[in-house]
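Protein chains in written order, with the working numbering: chain L, 1 to 87; chain S, 1001 to 1194; chain D, 2001 to 2098. Beneath this line is the structure, given in structure tokens, with notes to follow.
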Amino acid sequence: MSPFLLSVALVLMAGIAAGLIRVAIGPTPSDRMMAAQLMGTSGIGVILLLAPVLAVPALIDVALIFSLLAAVAVTAFTRRRITNDGD
Amino acid sequence: MYRHSVSAHPWAALSRAGGFALVWVVLVGPDLVSWIIGGPFVIAATLASLRLSEPRDRTLSLPSLVGFVPYFLWESLRGGLDVAARVLIPRMRVDPGNRTYRLRLRSPEARLVFIDSISLLPGTLSADLRGDLVTVHALDVRTDVVEGLRVLERRVAALFGESLEPVGDRTTAESSTPARGLVSDPPTHPEGRQ
Amino acid sequence: MDAVQLLSGAFLLVGAFFFIAGTVGLIRLPDRFSRLHALTKADNVGLGFIVLGLMPLAPDLFYGLKLVLVWLLVVIAGATGAHLIAKRALRGDGEDVL
């Protein structure tokens, strides 16, 4: 089962790499934030897939933290105002 | 202050503490020693939640919840399939645009569930909420967006035990008042921005 | 290779498919609201299927429940985040100095 899990993880990572295209071309900060969100979700998927392969069940706690941080990141992004862009 | 909120809403306090205890068990597993840490945190979380979100005389209807979960999962799956089918074919079938929907749900919890669920339904995305007017972005405006929203709103209303007022002359109400709703209404929405 | 493993593998493949669809949508779709559609829906469904496929491999019940908890958090965060991003873009506040 391990090689199979790793290949699925690889597909997800290819998705992350492709998402970088959106980060590069933008054009707006919203688009880049979306790409970051995609990476967060895919990253969680990769971690969940790696946990049984590496036999480290504690990795799921890392995934849990990632999911919480993703929410914080988006909220922080949407609270940013044009007036505090200068600093 | 804390004591007051616990004695005023004993059932809310108890059920919330039970919920937090459940989360703790899921997080760390059935280890009795872990409650040395978990116990105080469950109590602290319960007190914080009672203070931050005042309990109301409102209970989640359990039969409706049992019906809502499969509906939600099925619609999410349809939403995923719909968007996948649209983007994966060589000529994308999209005709994006905005629609305005007049919200009839009253309580903030119900509105939050409704707003979040819109984004998971096929072809719709909740883009803004001002007063009672939800701006819904549709991936394809040629499809009937409003009908799906109606069904969802009924489900959410049943979930929170709310009764919806009849739709009435929605079209006239919508065409005559959007300016007021969009411009002069104070921006009140569940997230509460500063 | 028993039936459960086969089913688990099928779920994982479906999950990967939805992730690919989400990424393709993010790159191909013409405007940022439409991209948000692809992001929230496809990714949440994709992660849901990954979680479903990993369920039989869970060492105990609590691990399985934690998998569901991760998915729930991602769904809630994804839907709320999409609404916030859309609102910010629609109102044009603080947004998009090119």
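All C-beta atoms, glycine included, are put in the ideal place defined by N, C-alpha and C.
Query, Result
"contact_flag[the segment 12 to 21 of chain L, the segment 29 to 39 of chain L] where n(CB pairs < 8 Å) is 3 or more", "yes"
"Test: histidine 1009 of chain S CB closer than 8 Å to a CB of chain D", "no"
"Proximal chain L residues relative to alanine 2003 of chain D, where beta-carbon distance stays under 8 Å", "Neighbours of alanine 2003 of chain D on chain L: none; closest Cβ ~14 Å, over 8 Å."
"Residues of the segment 2042 to 2059 of chain D whose Cβ lies closer than 9 Å to any Cβ of chain L, in chain order", "Asp2043, Asn2044, Gly2046, Leu2047, Ile2050, Val2051, Gly2053, Leu2054, Leu2057, Ala2058 and Pro2059"
"Nonlocal neighbours in the same chain, by C-beta distance under 6 Å from valine 2074 of chain D, ignoring five residues either side", "Leu2047"
"Tryptophan 1074 of chain S burial status per 10 Å Cβ neighbour count (16 or more: buried)", "exposed"
"Spatial distance of alanine 2016 of chain D from glutamine 2005 of chain D (CA atoms)", "16 Å"
"Exposure label - alanine 1147 of chain S; buried when at least 16 CB within 10 Å", "A small correction: the amino acid at residue 1147 of chain S is glutamate; alanine does not occupy that position in the sequence shown. Looking at its Cβ environment, which holds fewer than 16 other Cβ atoms inside 10 Å, glutamate 1147 of chain S is exposed."
"8 Å Cβ cutoff met for aspartate 1144 of chain S and valine 1094 of chain S", "no"
"Interface residues of chain L facing alanine 2010 of chain D [CB-CB closer than 8 Å]", "Under the 8 Å cutoff, chain L gives no residues; its nearest Cβ is about 11 Å from alanine 2010 of chain D."
"Under the three-state DSSP convention, the category threonine 2023 of chain D falls into", "helix"
"Interface partners of leucine 1088 of chain S on chain D, CB under 7 Å", "Ala2021 and Val2024"
"Alpha-carbon to alpha-carbon, valine 1156 of chain S and leucine 1055 of chain S", "One detail in the question is off: residue 1055 of chain S reads as proline in this sequence, not leucine. Distance between the alpha carbons of proline 1055 of chain S and valine 1156 of chain S is about 19 Å."
"Beta carbon proximity, alanine 63 of chain L to chain D, threshold 8 Å", "yes"
"Rounded separation between arginine 1106 of chain S and leucine 1152 of chain S - CA only", "15 Å"
"Whole-number beta carbon distance between arginine 2035 of chain D and aspartate 31 of chain L, since they are thought to touch under 8 Å", "7 Å"
"Interface partners of leucine 68 of chain L on chain D, CB under 9 Å", "Leu2073 and Ala2077"
"Proximity winner among L:Ala73, L:Ala71 and L:Ala58, relative to lysine 2066 of chain D (alpha-carbon distances)", "L:Ala58"
"Whether leucine 2029 of chain D touches alanine 2021 of chain D by CB criterion (8 Å)", "no"
"Assigned exposure category for arginine 1130 of chain S - 16 Cβ within 10 Å defines buried", "buried"
"Chain D contacts from the segment 1136 to 1147 of chain S (Cβ-Cβ distance under 7 Å)", "His1137 and Leu1139"
"Proximity test, Cβ basis, 8 Å: leucine 2006 of chain D and chain L", "no"
"Alanine 1085 of chain S classed as buried or exposed, judged by whether at least 16 other C-beta atoms fall within 10 angstroms", "exposed"
"Where the segment 1116 to 1128 of chain S meets chain D: residues whose CB sits under 9 Å from a CB there", "Asp1116, Ser1117, Ile1118, Ser1119, Leu1120, Leu1121, Pro1122, Gly1123, Thr1124, Leu1125, Ser1126, Ala1127 and Asp1128"
"Extent of the continuous beta strand (DSSP E) to which leucine 1129 of chain S belongs", "1124 to 1130"
"Partner residues on chain B for leucine 12 of chain L, Cβ-Cβ distance less than 7 Å", "The displayed structure is made up of protein chains L, S and D, and chain B is not among them."
"Range of the contiguous alpha helix (DSSP H) that encloses glycine 1038 of chain S", "1035 to 1052"
"Residues near alanine 63 of chain L by beta carbon distance below 6 Å, same chain, minus five either side", "Ile44, Ile47 and Leu48"
"Helix, strand or coil at aspartate 1095 of chain S [DSSP, three-state]", "strand"
"Residue range of the alpha helix (DSSP H) that includes histidine 2037 of chain D", "2032 to 2054"
"Reduced DSSP category for valine 72 of chain L - H, G, I as helix; E, B as strand; rest coil", "helix"
"Three-state class that DSSP yields for valine 2074 of chain D in the structure shown", "helix"
"Closest residue to glycine 1039 of chain S among S:Leu1077, S:Thr1124, S:His1137 and S:Trp1024 (Cα-Cα distance)", "S:Trp1024"
"Reduced DSSP secondary structure (H/G/I, E/B, other) of histidine 1200 of chain S", "In the structure as shown, chain S starts at 1001 and stops at 1194, and residue 1200 of chain S therefore has no counterpart that could be examined."
"Below-8 Å beta-carbon distance, arginine 2091 of chain D vs any chain L residue", "no"
"Cβ separation of valine 53 of chain L and serine 2 of chain L, assumed to be a contact under 8 Å, to the nearest whole Å", "5 Å"
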